[in-house]
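Structure first, commentary second.
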Amino acid sequence: MSPANVNLTTMRFDVVLRTFADFFEREGIRYAVIGGLAMQAWGASRFTKDTDIVVTRTDREAVVHFAESLGFETLFVGPSHSNHLHSNEDLGRIDFMYVDEATAERVFSAATPKPIVGDVIAPVVSPEHLAMMKGLAMKFAPQRIPYEGEDVRLLLKLPDIDADVVREYFEQQGLLGLFDAIWKAR
């Protein structure tokens, strides 16, 4: 089966997370779960069809090489992200976000180990950082506003989120109107 024909609904997130977590630990690579799995870890009922992980940009080459060594087809590699798809439905798709050292320090120091799927516990980005990442996704791909905006709305409903930090970030990105609309809708 070619990667384009993979049924992503049967993906084994636990297998993927354990495999990459073991690699990250062996190599001393800091990471955190982002995307739909992070939304689920924070209590949002959210369907996802892939695994999203953030790592430091300096680890990009090692991460891409490891994914390819497992048989993942690299669909795209750029400075800020890469996408990989496996023909084995259990492994499905994995996307990586790459951040600079300063951002990595803030993101990883605020990450919280949380249950993800089955007995897998992994570091998950803070709700604030997750909302900020979703803000960037909407800025660069406005067609994502309906579902990324809904995720931000759900995150802003969490009792301990620092909404002022999220608002300030959206304002810095020129997205204050979008933040205000999401805030009003929560």
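At position 180 of the sequence shown the residue is numbered 1156 (the numbering used here), and the sequence of numbers has no breaks.
All C-beta atoms in this analysis are idealised placements derived from N, C-alpha and C, irrespective of residue type, glycine included.
Query, Result
"List the DSSP bridge partners of D1136.", "Beta-bridge pairing links D1136 to no other residue."
"From this set, K1090, T1079, Q1149, A1080, which residue's C-alpha is nearest A1113's C-alpha?", "Q1149"
"Considering only C-alpha positions, which residue in the set L1051, V992, S1045 is nearest to V1096?", "V992"
"Grouping DSSP H, G and I as helix and E and B as strand, with all else coil, what is V1030?", "strand"
"In whole angstroms, what is the alpha-carbon distance linking L1151 and G1111?", "8 Å"
"Ignoring anything shorter than 3 residues, give me the beta strand (DSSP E) runs that lie fully in the region 1036-1082, in order along the chain.", "1049-1053, 1057-1061, 1069-1075"
"Going by DSSP, what residue range makes up the alpha helix (DSSP H) through T995?", "989-1003"
"Is E1124 near the ligand COA, with its Cβ less than 8 Å from a heavy atom?", "Ligands in the displayed structure: none, and consequently the ligand COA is not present."
"Going by DSSP, what residue range makes up the beta strand (DSSP E) through A1008?", "1007-1010"
"Excluding the 5 residues preceding and the 5 following A1080 in the sequence, name in chain order all residues of the same chain whose CB lies nearer than 6 Å to its CB.", "T1032"
"Using 10 angstroms around the beta-carbon of F1146, count the other beta-carbons present and answer buried if the total reaches 16, otherwise exposed.", "buried"
"Assuming contact is defined by CB atoms lying nearer than 9 Å, are F1052 and S1045 in contact in what I supplied?", "no"
"Helix, strand or coil for K1115, going by three-state DSSP, please let me know.", "helix"
"If you reduce the DSSP assignment to three classes, tell me which class K1090 lands in.", "strand"
"Answer yes if the region 989-1008 comes into contact with the region 1022-1030, meaning at least three C-beta pairs across the two stretches below 8 Å, and no otherwise.", "yes"
"Quick one: residues in its chain with C-beta nearer than 8 Å to the C-beta of R1082, no 5 flanking neighbours on either side, listed in chain order?", "H1105"
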